[in-house]
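Here is the structure we will look at, set down as structure tokens.
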Amino acid sequence: MNETAEINLEEKLGEENYGKISIISNPHLNEFLSKYIKHLKPESVFVCTDDDKDIEYIRLKAIENGDEKQLKLPGQTIHYDGYFDQARDKENTKLLLPQGVDLGQNINSLDREEGLKKVHEILEGTCRGKELYIMFLCLGPVDSEFSISCVQVTDSAYVAHNGTLLFRPGFEQFKRLGGSDDFLKFVHSAGELDGAVCANIDERRVYIDLASDTVYSANTQYGGNTIGPKKLAMRLAIQRASTEGWLCEHMFIMGVHGLGNRVTYFAGAYPSMCGKTSTAMMSGETIVGDDIAYFKVIDGVFRAVNVEQGMFGIIGDVNEKGDPLIYKTLTTPNEVIFSNVLDEDGTPRWTGDGRKPPVSGVNHSGEWTPGKKGPDDKEVSISHKNARYTVAISSLENADELLNDSNGVKLAGVIYGGRDSDTSIPLEQAFDWVHGVITKGATLESETTAATLGQEGVRTFNPMSNLDFLSIPIGRYIQVNIDLGGKASKPPLIFGVNYFLKGDDGNYLNGMQDKRVWVKWMEKRVRGEVEAIKTPTGFIPHYEDLKDLFNDVLGKDYSKEDYNTQFTIRVPELVAKIDRIIVIYKEKVPDTPEILYKVLKEQKDRLEQAQEELGDYILPNQLT
Ligand code: SPV
Ligand code: MN
1 MNETAEINLE EKLGEENYGK ISIISNPHLN EFLSKYIKHL KPESVFVCTD DDKDIEYIRL
61 KAIENGDEKQ LKLPGQTIHY DGYFDQARDK ENTKLLLPQG VDLGQNINSL DREEGLKKVH
121 EILEGTCRGK ELYIMFLCLG PVDSEFSISC VQVTDSAYVA HNGTLLFRPG FEQFKRLGGS
181 DDFLKFVHSA GELDGAVCAN IDERRVYIDL ASDTVYSANT QYGGNTIGPK KLAMRLAIQR
241 ASTEGWLCEH MFIMGVHGLG NRVTYFAGAY PSMCGKTSTA MMSGETIVGD DIAYFKVIDG
301 VFRAVNVEQG MFGIIGDVNE KGDPLIYKTL TTPNEVIFSN VLDEDGTPRW TGDGRKPPVS
361 GVNHSGEWTP GKKGPDDKEV SISHKNARYT VAISSLENAD ELLNDSNGVK LAGVIYGGRD
421 SDTSIPLEQA FDWVHGVITK GATLESETTA ATLGQEGVRT FNPMSNLDFL SIPIGRYIQV
481 NIDLGGKASK PPLIFGVNYF LKGDDGNYLN GMQDKRVWVK WMEKRVRGEV EAIKTPTGFI
541 PHYEDLKDLF NDVLGKDYSK EDYNTQFTIR VPELVAKIDR IIVIYKEKVP DTPEILYKVL
601 KEQKDRLEQA QEELGDYILP NQLT
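Position one of the sequence shown corresponds to residue 1 (the numbering used here), numbered consecutively onward.
Structure follows, in structure tokens:
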């Protein structure tokens, strides 16, 4: 890295910005910044500290340079990503691995030398004529055992602006590092622009260098590809966590409110379109986080933090009726970045917003009217189906009071939520931590929906809903999960939920609000206040307890008939699922821990024995 000495940071940054960097006084930071300022060749550089003035500078820059447009309500802005740059690019997101390192066929990877060479070629000089923003952000609450410092250089004020809403500020955190090199680094450039969007999508790359804790992202603007501390940092954190014995999970954290104002914390992993955000934002409860959590066992206590402090949420179908709290934040003066929705004369509009549909406006496809066809000849909807809002959780009425607590929250339960129409019952508690990690987490599947490309109803394997972000072999990741529970004096209870079970007529068996009852039952289980029925696959609620809860929570009469249909143990489907999952592990996961096969085999044996005695479809009262 001797070449880095060639640029004089002080000269390039100017007195004010260099002054900020010199307060941190970290030679590793200076080396990184020198190297990439030299390589990217920006016209100017802005260093963002935790100061409100600096954060406001970023917000205004995004508007000034056209990355965002001011909407009518104060604080609201809108941004468009390119028409073909609307989601995470899984194909071009690769882990760079030194020769001889193999993470298995499930993880997209590339030879490290080759990848570094390519991405540096792509990035060279891409910030000519632009300003480069240097952002300091903190993963997890600041000044805590969970904190990880990050620095991101980006030529996108939109990416920088998102960082300020989504993450805790990291400048003060960086100062605490002293001269240590213990920080994550992100280098992003949108590349050449066509108007305000990326011109070279075909050269889009997200390359993750585990060896140097650096992620490079080029020729893309979509948040999941560019906002470094979010999905890009997950890969670095998962690797680090596996060596240090903790977990980085793709999970929400919520507080469930019980008797006498007590709050009990749950984390939940759900593949996309399985109800993750709607669970985290459930009415009557409070939210700590909606997407990424770190778990650590500290002095025997299982603790969790939200890595972020904001939400980058899907906006489609957010309306006053279904999501009153988010809707309110999005429709009153608050700092909100809308991405890829429709601008109707300064008012943001989106598919399913519950208002009279707009007849014209501007969206990610340009000027829009109903029925418009996009460059791919497909009809363009009001907003893209992956259109998003960025808000600080603190602007939501249901923000939990421990959101920024440096000790995190004590975690009492973990929920795994899949989507299947015919196999898993709506709610079940695993026998114990290991049984839950394996039969609820490691076997998580979701059926494809009409919202994704391709055939509907195809089951996709997605252990812990974390497959996209794993940077260690799956088997090792499962083992780290198993081990963490063993370190806790009282590991969280593990639950499986399925909101999408269908009846013989093809209709869903549960209403959208039923999950509000399920979490109350979980809360009571954690507190030891309700009994359960033992089935071959876990513990399920008694009818009477659910009947009471349906009445208390939803003011609804819950019939025995509904209970029986929903909670029938479907033996042939459950056995088929075990067989299917075992094949996946046998074929694709060579480092699968033996315990996984053992636990699944025991479960299959229990199911087959019950089948012999009670038949294919077993009602709960046959098991009491
Ligand atoms: C997800 O896709 O899991 C998200 C949005 O939470 S993104 O930031 O694109 O990853
Ligand atoms: Mn996510």
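Here a beta-carbon is modelled for each residue, glycine too, at the ideal position from N, C-alpha and C.
If residue i sits next to residue j, beta carbons under 8 angstroms apart, how far is it from one beta carbon to the other, in whole angstroms?
{"i": "Lys520", "j": "Val336", "result": "So it is not a contact: roughly 31 angstroms between Cβ atoms."}
{"i": "Val206", "j": "Asp111", "result": "With a Cβ gap of about 16 angstroms, Val206 and Asp111 do not count as contacting."}
{"i": "Thr264", "j": "Gly316", "result": "The Cβ separation is near 31 angstroms, so there is no contact."}
{"i": "Gln86", "j": "Asn363", "result": "Contact doesn't hold; Cβ gap of about 11 angstroms is too wide."}
{"i": "Asp50", "j": "Phe171", "result": "4 angstroms"}
{"i": "Thr460", "j": "Lys577", "result": "About 13 angstroms separates the two Cβ atoms, so there is no contact after all."}
{"i": "Val437", "j": "Asn466", "result": "About 12 angstroms separates the two Cβ atoms, so there is no contact after all."}
{"i": "Thr329", "j": "Lys72", "result": "So it is not a contact: roughly 16 angstroms between Cβ atoms."}
Quick one, which of the options has its alpha-carbon nearest residue i's?
{"i": "Glu613", "options": "Ala304, Leu596 and Val571", "result": "Val571"}
{"i": "Glu445", "options": "Gly284, Met311 and Gly496", "result": "Gly496"}
{"i": "Pro358", "options": "Ile58, Lys373, Leu342 and Phe174", "result": "Leu342"}
{"i": "Glu608", "options": "Trp246, Val583 and Asp579", "result": "Asp579"}
{"i": "Tyr543", "options": "Thr624, Phe302 and Ile584", "result": "Thr624"}
{"i": "Ser237", "options": "Asn225, Phe295 and Leu40", "result": "As written in the sequence, residue 237 is Ala, which differs from the Ser given in the question. Among Asn225, Phe295 and Leu40, the Cα nearest to that of Ala237 belongs to Phe295."}
{"i": "Glu379", "options": "Ala392, Arg388 and Ser365", "result": "Ser365"}
{"i": "Lys117", "options": "Leu402, Phe302, Tyr216 and Lys372", "result": "Tyr216"}
{"i": "Gly354", "options": "Pro590, Asp67, Tyr327 and Thr77", "result": "Tyr327"}
{"i": "Lys223", "options": "Leu549, Ile584, Gly82 and Glu456", "result": "The residue you asked about is not Lys; residue 223 is Gly in the sequence shown. Cα-wise, what sits closest to Gly223 is Gly82."}
{"i": "Ser406", "options": "Val458, Ile148 and Gly19", "result": "Ile148"}
{"i": "Gly417", "options": "Val409, Leu402, Pro463 and Gly374", "result": "Pro463"}
{"i": "Phe183", "options": "Gly441, Leu71, Glu10 and Asn30", "result": "Asn30"}
{"i": "Tyr158", "options": "Gly371, Leu210 and His79", "result": "His79"}
{"i": "Asp102", "options": "Pro541, Met234, Arg128 and Arg476", "result": "Arg476"}
Which value, in whole angstroms, describes the spacing of the CA atoms of residue i and residue j?
{"i": "Asn26", "j": "Gly179", "result": "5 angstroms"}
{"i": "Thr439", "j": "Glu602", "result": "11 angstroms"}
{"i": "Glu121", "j": "Val526", "result": "54 angstroms"}
{"i": "Gly506", "j": "Ser421", "result": "9 angstroms"}
{"i": "Ala5", "j": "Gly322", "result": "With a pLDDT of only 49 at Ala5, under 50, the local geometry of the prediction cannot be trusted, and the value read off the model is given with reservation. Approximately 56 angstroms, taken between the alpha carbons."}
{"i": "His188", "j": "Thr449", "result": "32 angstroms"}
{"i": "Asp345", "j": "Leu166", "result": "27 angstroms"}
{"i": "Ala610", "j": "Glu561", "result": "22 angstroms"}
{"i": "Thr154", "j": "Glu131", "result": "9 angstroms"}
{"i": "Glu52", "j": "Asn92", "result": "One detail in the question is off: residue 52 reads as Asp in this sequence, not Glu. Going from the Cα of Asp52 to the Cα of Asn92 covers about 36 angstroms."}
{"i": "Phe500", "j": "Pro536", "result": "21 angstroms"}
{"i": "Asn108", "j": "Leu95", "result": "6 angstroms"}
{"i": "Val318", "j": "Ile382", "result": "13 angstroms"}
{"i": "Asn219", "j": "Asp194", "result": "11 angstroms"}
{"i": "Arg419", "j": "Asn621", "result": "25 angstroms"}
{"i": "Ser144", "j": "Ile298", "result": "12 angstroms"}
{"i": "His384", "j": "Ile23", "result": "43 angstroms"}
{"i": "Thr331", "j": "Gly275", "result": "23 angstroms"}
{"i": "Asn8", "j": "Ser34", "result": "8 angstroms"}
{"i": "Phe567", "j": "Leu546", "result": "11 angstroms"}
{"i": "Arg59", "j": "His250", "result": "28 angstroms"}
{"i": "Tyr133", "j": "Ala293", "result": "27 angstroms"}
{"i": "Ile63", "j": "Thr126", "result": "21 angstroms"}
{"i": "Gly555", "j": "Trp518", "result": "14 angstroms"}
{"i": "Lys588", "j": "Leu210", "result": "22 angstroms"}
{"i": "Ile208", "j": "Gln239", "result": "11 angstroms"}
{"i": "Lys490", "j": "Trp433", "result": "10 angstroms"}
{"i": "Glu456", "j": "Met273", "result": "13 angstroms"}
{"i": "Phe302", "j": "Gly408", "result": "10 angstroms"}
Please go through the same chain and pick out, in chain order, the residues whose beta-carbon is closer than 7 angstroms to the beta-carbon of residue i, but skip the five residues on each side of it.
{"i": "Lys12", "result": "Ile37 and Val45"}
{"i": "Gly163", "result": "Met135, Leu137, Gln152, Ile227 and Pro229"}
{"i": "Pro74", "result": "Pro333"}
{"i": "Asn225", "result": "Arg88, Asp89, Val206 and Ser217"}
{"i": "Leu574", "result": "Thr423, Thr537 and Leu607"}
Give me, in chain order, the residues of the same chain whose beta-carbon lies closer than 6 angstroms to that of residue i; leave out the 5 immediate sequence neighbours on both sides.
{"i": "Glu3", "result": "Reliability fails at Glu3, whose pLDDT of 46 lies under 50, so the model's placement of it is uncertain and no value is given."}
{"i": "Gly615", "result": "none"}
{"i": "Ala280", "result": "Phe252, Met254, Ile287 and Asp290"}
{"i": "Met1", "result": "Confidence at Met1 is low in this model, with a pLDDT of 43, below 50, so the placement of that residue should be treated as unreliable; the coordinate-derived value is given next. Nothing listed; no residue qualifies."}
{"i": "Glu192", "result": "Ala199 and Asn200"}
{"i": "Ile569", "result": "Thr535 and Ile618"}
For residue i, which residues of its own chain have a beta-carbon under 8 angstroms away from its beta-carbon, when the five flanking residues on both sides are left out?
{"i": "Leu325", "result": "Met281, Ser283, Leu396, Glu397 and Asn398"}
{"i": "Phe431", "result": "Gly538 and Phe539"}
Give a yes or no on whether the minimum CB-CB distance between residue i and chain D is below 8 angstroms.
{"i": "Ser149", "result": "Any reference to chain D falls outside this structure, which holds one protein chain only."}
### Task
Mind listing, in chain order, the continuous alpha helix (DSSP H) runs of no fewer than 4 residues lying wholly within the segment 385-414?
If only uninterrupted alpha helix (DSSP H) runs of at least 4 residues are considered, none is enclosed by the segment 385-414.
### Task
Quick one: which unbroken beta strand (DSSP E) runs of 3-plus residues sit fully inside the segment 17-83? Chain order, please.
The beta strand (DSSP E) runs lying completely inside the segment 17-83 and spanning 3 residues or more are 44-48 and 76-79, given in chain order.
### Task
Report the residue ranges of all alpha helix (DSSP H) runs contained in full by the segment 516-594; include only those spanning at least 4 residues, in chain order.
Complete alpha helix (DSSP H) runs here, min 4: 543-549, 560-566 and 571-588.
### Contained beta strand (DSSP E) runs [length at least 3] in the segment 302-334, N- to C-terminal order
Within the segment 302-334, the complete beta strand (DSSP E) runs of at least 3 residues fall at 310-314.
#### Entry: Secondary structure, beta strand (DSSP E): runs of 3+ residues fully inside the segment 183-271
If only uninterrupted beta strand (DSSP E) runs of at least 3 residues are considered, those enclosed by the segment 183-271 are 183-189, 205-209, 214-218, 247-249, 252-257 and 263-269.
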